[in-house]
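Residue numbers (the working numbering): 3 to 399.
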């Protein structure tokens, strides 16, 4: 599974990617995090783990997901555009790749109770799904504002047997839900595993989540080889909030400098509007949710409230791997506003018959800003389907 273990973009033993990462945690959480750090790689290497994980990805999640040649978009932009169809995974997004892996890990560590945070609700649904599959207690923390704008996903979580607890502090979104989940973990350190949904949090979470999501780029290589005779695209494009779908889509290309890695953040109402979530443009180094990364903060270190029309990109930070990709110049970081994402969502729906999640729609918009050649091979990670965003889309119909 791991083709690119030893490289500059791999995490080091202290959990750093370049200057970013680490584990900045309260003393109460030290045993939990240490237990994960010492065991996650060994457990993931176990033949029985790999066998069960691969089997569930195949029979439960529905992998491999197709790599679809988007003929009409390709014609419009005069290049070759392929869509990696993570929207076709069970539960409708890439999030399930990670929750399947983490629930198996939690079982092997003897945990009985699972907690999670969620913004758009896709990670919450994916966590509730695997907890139902394995018969484990599931508590999902979700910002009050997100509960309102992602009602279908809240209903799904409850139907799957999860308890959804609203976060009522701060901006009442993903950041606050994460704070609540961390508090829960501090109070229940022995029997609880915290399934973090993105490549954020204390080491080993960014690396562990990236490894579980790396199946995306592993499949892209095989599928491109079959379709084009070359396993390397010229560009991989993915939206980035915390950045798990992007980490998965980039993973096996990190060392191939010929592959341009394009990460698309949410510019909200405009990068300098004061209502944005474009962390690399607005952020400075700091500590958020257990790791050192780039985050949007005031001069005295107070976290700035982010804004995006998409609940999944509404986060004031970015995973440490992405911060390193940005600072090192390996990643190309672009952004799309709320309006631009909506425009792309409707365009992709009408041109390809695929309604993308609002998060993914940001990734599509940058096609308008890029100079692409006729012979380029562009892969866009279509990270989720748009069912959960219909209420938002309906306002613009």
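Note that the Cβ used here is the ideal one computed from N, Cα and C, for glycine as well.
Using the beta-carbon count (16 or more within 10 Å), is residue i buried or exposed?
i           : result
residue 242 : buried
residue 399 : exposed
residue 73  : exposed
residue 49  : exposed
residue 296 : buried
residue 302 : exposed
residue 287 : exposed
residue 165 : exposed
residue 33  : exposed
residue 340 : buried
residue 256 : buried
residue 7   : Reliability fails at residue 7, whose pLDDT of 42 lies under 50, so the model's placement of it is uncertain and the value that follows must be treated cautiously. With fewer than 16 other Cβ atoms within 10 Å, it is exposed.
residue 122 : buried
residue 58  : buried
residue 224 : exposed
Put residue i into one of helix, strand or coil per three-state DSSP.
i           : result
residue 381 : strand
residue 336 : strand
residue 55  : helix
residue 133 : helix
residue 22  : strand
residue 348 : helix
residue 65  : coil
residue 287 : strand
residue 47  : helix
residue 86  : strand
residue 139 : strand
residue 317 : coil
residue 195 : strand
residue 201 : coil
residue 388 : helix
residue 144 : strand
Quick one: is residue i near chain D, going by C-beta distance under 9 Å?
i           : result
residue 257 : Of the protein chains in this structure there is only one, and it is not chain D.
Starting from the Cα of residue i, find the closest Cα among the options and give me that residue.
i           : options            : result
residue 290 : 357, 133, 60, 27   : 27
residue 244 : 84, 147, 313, 115  : 313
residue 258 : 360, 273, 237, 143 : 237
residue 212 : 250, 308, 149, 95  : 250
residue 203 : 293, 115, 129, 197 : 293
residue 196 : 248, 215, 153, 133 : 133
residue 374 : 198, 109, 87, 235  : 235
residue 96  : 201, 268, 377, 345 : 201
residue 321 : 268, 387, 246, 394 : 246
residue 377 : 230, 344, 42, 198  : 230
residue 359 : 349, 387, 367      : 387
residue 113 : 363, 347, 140      : 140
residue 42  : 367, 105, 384, 10  : 105
residue 367 : 269, 125, 198, 129 : 269
residue 400 : 128, 228, 284, 149 : Because residue 400 is not part of the residues shown, which for the chain are 3 to 399, the question remains open.
What residues in its chain sit with their C-beta under 6 Å from that of residue i, if we drop five residues either side in the sequence?
i           : result
residue 82  : 76, 379
residue 365 : 239, 240, 241, 266, 382
residue 12  : none
residue 63  : 91, 92, 98
residue 227 : 233
Give me, in chain order, the residues of the same chain whose beta-carbon lies closer than 7 Å to that of residue i; leave out the 5 immediate sequence neighbours on both sides.
i           : result
residue 18  : 24
residue 272 : 278, 339
residue 103 : 55, 214
residue 391 : 359, 360
Could you pull out every residue in the same chain whose Cβ sits closer than 8 Å to the Cβ of residue i, ignoring the five residues on either side in sequence?
i           : result
residue 334 : 262, 263, 264, 265
residue 191 : 30, 31, 33, 34
### Query
Is the stretch 29-40 close to the stretch 275-282, with three or more CB pairs under 8 Å?
no
### Message
Three or more C-beta pairs under 8 Å: does that hold for the stretch 62-80 against the stretch 342-355?
### Response
yes
### Task
Could you tell me whether the stretch 320-328 touches the stretch 217-226, using the rule of 3 or more Cβ pairs below 8 Å?
no
### Query
Looking at C-beta atoms only, is the number of pairs between the stretch 128-146 and the stretch 172-179 that lie closer than 8 Å three or more?
yes
### Query
Quick check: the stretch 101-121 against the stretch 182-191, are there 3 or more CB pairs under 8 Å?
yes
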